[in-house]
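> The structure is given below, and queries will be raised subsequently.
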Ligand code: SAM
Ligand code: SF4
């Protein structure tokens, strides 16, 4: 009998991409095969994100598009991830297209759920676990130059706007040695850069060992050229971690430091547990210890009751800090969160949209200025593959995570995984352009 073919589509963050690799591994072990085409699949799995409304709407759009396949050939449809977790009842009741729901802590049940679904029985597994880290499962990755390792799962912070603690559950760390073994195996398979992932990576703990210990140990693995991490929470960025970033040559000089808002009242409403002044002091401490650091951030515009003057304080902080880049989001109320229960989502949509536009434009100008400051410098670029626009170019990233494109050719042999020395000759707000030095 032909093994069932599975098509998985992933929405949302790097953690979801990583979870898709875990799911592939779990299903492959049970004999499932994979296809890149939904039309060819017997089973379609949507690995979803519930963080923002548009991620959410996209999933509903995709479900609608799968309807004809379901009707024509009895396609089995599964919804995985955060949306499955958060919207379990609604999805099962209102969307008869769905056969299987599995939350982020329930992927081990997928083979059984799918087997039943193929036999015509719908099912779901959405319980959250205090322990599940999938530590014994090696993700089924596409072999390449870069890879992610989730070192912790869940989050205990309960920022009032955020659905993650409800969809991904309580914070738990993977064991230290397990992470090292995974990174060693990656290095042996040719991977050159590892990104350590967690919703709140600096809360990582394994007994007495903390995140800085883990980062340093991964950076010392033979063959790993670069280690990155995302995201640390600004409330607890210890000196030990900063020291590791500043001094270890293979720990990238890039910190993603989510700000969310630049006004103290809004930060308090969000329960971020730092003030504007504390955040600025942290930025100053980071920049003093490591002047070449590249800082990036996340910002939410239009949180509950945010006034024009309060938003202007966020703009002002963005001007002062001069991030290299920023993800800027329009606040969208998420079911079950503290903000949804306690505060009115009262900033009109048009105002939110206008604030996002202003911030995006401001950040674009800053990004362009900062990238243009790189012109004339020579940077080490870890080559990831061919440029998107032309097969005659290589694309890679600097230590600070700046995307860099340069023409192939020249005497030095360059291939994916090479660390190329590139002289920057031009820059846009998003990309550095250069020549092999
Ligand atoms: N753990 C990280 C932190 O502490 O900032 C962020 C994780 S969250 C998955 C990624 C980003 O999504 C957040 O930093 C925030 O800017 C954005 N986000 C989360 N909930 C949101 C909401 N309800 N509306 C708009 N943006 C949201
Ligand atoms: Fe969400 Fe806050 Fe946890 Fe980040 S730290 S995942 S924003 S609750």
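Residue numbers (the working numbering): 4 to 440.
Even glycine gets a Cβ: it sits at the ideal position worked out from N, Cα and C.
Going by other Cβ atoms of all chains shown within 10 Å of its Cβ, with 16 needed for buried, is residue 192 buried or exposed?
Looking at its Cβ environment, which holds fewer than 16 other Cβ atoms inside 10 Å, residue 192 is exposed.
> If you measure from the CB of residue 60, is any heavy atom of the ligand SF4 nearer than 7 Å?
Flag unset: Cβ of residue 60 not near the ligand SF4.
> How should residue 19 be labelled, buried or exposed, when 16 other C-beta atoms within 10 angstroms of its C-beta is the threshold for buried?
The residue in question, residue 19, is buried, as its Cβ has 16 or more Cβ neighbours within 10 Å.
> Might you give, ordered along the chain, the residues of its own chain that have their beta carbon closer than 8 Å to the beta carbon of residue 12, omitting 5 neighbours on each side?
41, 47, 48, 49, 50, 65.
> When DSSP labels each residue in this structure, what does residue 243 get in the three-state scheme?
If DSSP states are grouped into helix, strand and coil, residue 243 belongs with the helices.
> Buried or exposed: where does residue 203 fall if 16 or more other Cβ atoms within 10 Å of its Cβ makes it buried?
Label assigned to residue 203: buried.
> Is any non-hydrogen atom of the ligand SF4 found closer than 7 Å to the C-beta of residue 339, if you look at the structure I gave you?
No, the ligand SF4 has no heavy atom inside 7 Å of this Cβ.
> May I ask which residues mark the beginning and end of the alpha helix (DSSP H) holding residue 70?
From DSSP, the alpha helix (DSSP H) with residue 70 extends over 56 to 76.
> Could you check if residue 261 belongs to the surroundings of the ligand SAM, using beta carbon to heavy atom distance under 7 Å?
At least one heavy atom of the ligand SAM is nearer than 7 Å to the Cβ of residue 261, so yes.
> Any residues whose CB sits closer than 6 Å to a heavy atom of the ligand SF4? List them in chain order?
Every residue passing the under-6 Å Cβ criterion appears here: 158, 160, 161, 162, 165, 167, 168, 202, 203, 236.
> Taking DSSP's pairing of strands, which residues face residue 424 in a bridge?
Answer by DSSP bridge pairing, in chain order: 383.
> Under 8 Å: do the stretch 252 to 262 and the stretch 292 to 303 share three or more Cβ pairs, one atom per stretch?
The stretch 252 to 262 vs the stretch 292 to 303: in contact.
> Any chance the CB of residue 307 is under 7 Å from a heavy atom of the ligand SAM?
Outside the cutoff, so no.
> Can you grab the Cα-Cα spacing for the pair residue 454 / residue 89, in whole Å?
As shown, the chain starts at 4 and ends at 440. That puts residue 454 outside it, with no answer to give.
> Do you know whose CA, among 322, 225, 332, 73, lies nearest residue 373's CA?
For residue 373, the nearest C-alpha among the options comes from 322.
> For residue 183, tell me which candidate among 197, 175, 320 has the shortest Cα-Cα distance.
When each option's Cα is compared against that of residue 183, the closest is 197.
> Compute the Euclidean distance between the alpha carbons of residue 103 and residue 165, then round it to the nearest angstrom.
C-alpha separation (whole angstroms): 25 Å.
> Considering only the alpha carbon of each residue, which of 246, 386, 409 lies closest to residue 392?
Minimum Cα distance to residue 392 is reached at 409.
> Which same chain residues end up closer than 8 Å to residue 371 when comparing Cβ atoms and leaving out the 5 residues on each side of it in sequence?
Excluding positions up to five away in sequence, the list reads 430, 431, 432.
> May I ask you to check if the CB of residue 292 is nearer than 7 Å to at least one heavy atom of the ligand SAM?
No.
> So is the beta-carbon of residue 335 under 7 Å away from any non-hydrogen atom of the ligand SAM?
For the ligand SAM, at least one heavy atom lies less than 7 Å from the Cβ of residue 335.
> Give every residue of the same chain whose Cβ lies closer than 8 Å to the Cβ of residue 188, excluding the five residues on either side of it in the sequence, and list them in chain order.
Excluding positions up to five away in sequence, the list reads 141.
> Could you spell out the range, first to last residue, of the alpha helix (DSSP H) harbouring residue 363?
Unbroken alpha helix (DSSP H) run through residue 363: 352 to 375.
> Does the beta-carbon distance from residue 109 to residue 130 come in below 8 Å?
Result yes, Cβ atoms of residue 109 and residue 130 sit closer than 8 Å.
> Identify, in the order they occur along the chain, each residue of the same chain with its Cβ nearer than 8 Å to the Cβ of residue 293, setting aside the five sequence neighbours on each side.
For residue 293, where only same-chain residues beyond five positions count, the Cβ hits under 8 Å are 245, 248, 249, 256.
> Since residue 94 contacts residue 82 with CB under 8 Å, what's their CB separation in whole angstroms?
Between residue 82 and residue 94 the Cβ distance is about 6 Å, and since that is below 8 Å, they are a contact.
> Beta carbon of residue 269: closer than 7 Å to some heavy atom of the ligand SAM?
Answer for residue 269: no, Cβ out of range of the ligand SAM.
> Taking residue 266 and residue 336 to be in contact with their CB atoms under 8 Å, please state how far apart those CB atoms are, rounded to whole angstroms.
Not really, about 19 Å apart at Cβ, beyond 8 Å.
> Extract the residue ranges of the alpha helix (DSSP H) inside the stretch 109 to 165, only unbroken runs of 4 or more that lie entirely within it.
The qualifying runs are 113 to 121.
> How would you call residue 177, buried or exposed, if buried means at least 16 neighbouring beta carbons within 10 angstroms?
Buried, because 16 or more other Cβ atoms sit within 10 Å of the Cβ of residue 177.
> Nearer than 7 Å: is that true of the beta carbon of residue 231 relative to any heavy atom of the ligand SAM?
No - the ligand SAM has no heavy atom lying nearer than 7 Å to the Cβ of residue 231.
> Closer than 7 Å to a non-hydrogen atom of the ligand SAM - does that hold for the CB of residue 55?
Under cutoff, so the answer is yes.
> From residue 411 to residue 330, what distance separates their C-alpha atoms?
Rounded to the nearest angstrom, the two C-alpha atoms are 31 Å apart.
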